[in-house]
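In terms of our numbering, the first sequence opens at residue 142 and continues consecutively. Don't be surprised by glycine CBs; every beta carbon is placed ideally from N, CA and C. One structure is given here, and the rest of the page talks about it.
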Amino acid sequence: MKYWLLKTEPDECSIDDIKNSPEQTMVWDGVRNYQARNNIRDHIQLGDLAFIYHSSCQAVGIVGVVEVVKASYPDPEQFNTSSTLYDLKSSPENPRWFNIDIKFKTKFNRIVSLKQIKSIDVLSDMALIKQARLSVQPVTAEHWQFIHSINNV
DNA sequence: GCCAACGTTGGC
DNA sequence: GCCAACGTTGGC
């Protein structure tokens, strides 16, 4: 089992939106970056866990955990000409973009803020810091556990 | 809202 | 395949 971090703008989709969805499950779509796509398509597996990270908002940081309940499949919206996610250069025979489905697991009592993460030596080599714009990124078991230990204090 | 960082596109 | 121009992300 692997660990991940998924970025989202809470105005679009927050941890509460996931929690309040039917079956507490939602489609994770809209990823249009190749490295993030590769992580979704090739590496994320059923049963993996992921942090949800709120970006571009007042309180930036990790807010909870979700579980991958469906492995990658082509995003149907890339073929929908009236969708903002439409991609002219993609085809059903050779799809470019992939979704997963995720299910709410836990919401942290307190956010683990980006500021906190940046201030902790052990976490300084997280992709979150080193590769600030990667919206779907792996998290090591060490970092995963460390962040949980912060939250539990 | 600004703007630095950086990913993508497209001409050559 | 290079790289300038352009577009987007995301912290502040």
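Between the CA atoms of residue j and residue i - distance to the nearest angstrom
i, j, result
"V204", "F192", "7 Å"
"Q165", "F245", "5 Å"
"S260", "K271", "14 Å"
"S197", "E150", "6 Å"
"A200", "A273", "16 Å"
"K291", "Y214", "The question names Lys, but residue 291 is Ile in the sequence shown. Approximately 34 Å between the Cα atoms of the pair."
Test item: CB-CB of residue i and residue j under 9 Å
i, j, result
"L255", "L146", "no"
"L275", "N174", "yes"
Coil, strand or helix - residue i by DSSP
i, result
"P215", "strand"
"Y175", "helix"
"P279", "strand"
Endpoints, beta strand (DSSP E) assigned at residue i
i, result
"Q257", "Q257 -> not in any beta strand (DSSP E); alpha helix (DSSP H) instead, spanning 255-260."
"K160", "It is not in any beta strand (DSSP E) - K160 instead sits in the alpha helix (DSSP H) that spans 156-160."
"Y144", "144-149"
"W238", "Segment: none, W238 is in no beta strand (DSSP E) and carries neither H nor E."
"L226", "Taken as a continuous stretch (DSSP letters only), L226 belongs to no beta strand (DSSP E), as it is neither H nor E."
Range covered by the alpha helix (DSSP H) that runs through residue i
i, result
"A268", "268-271"
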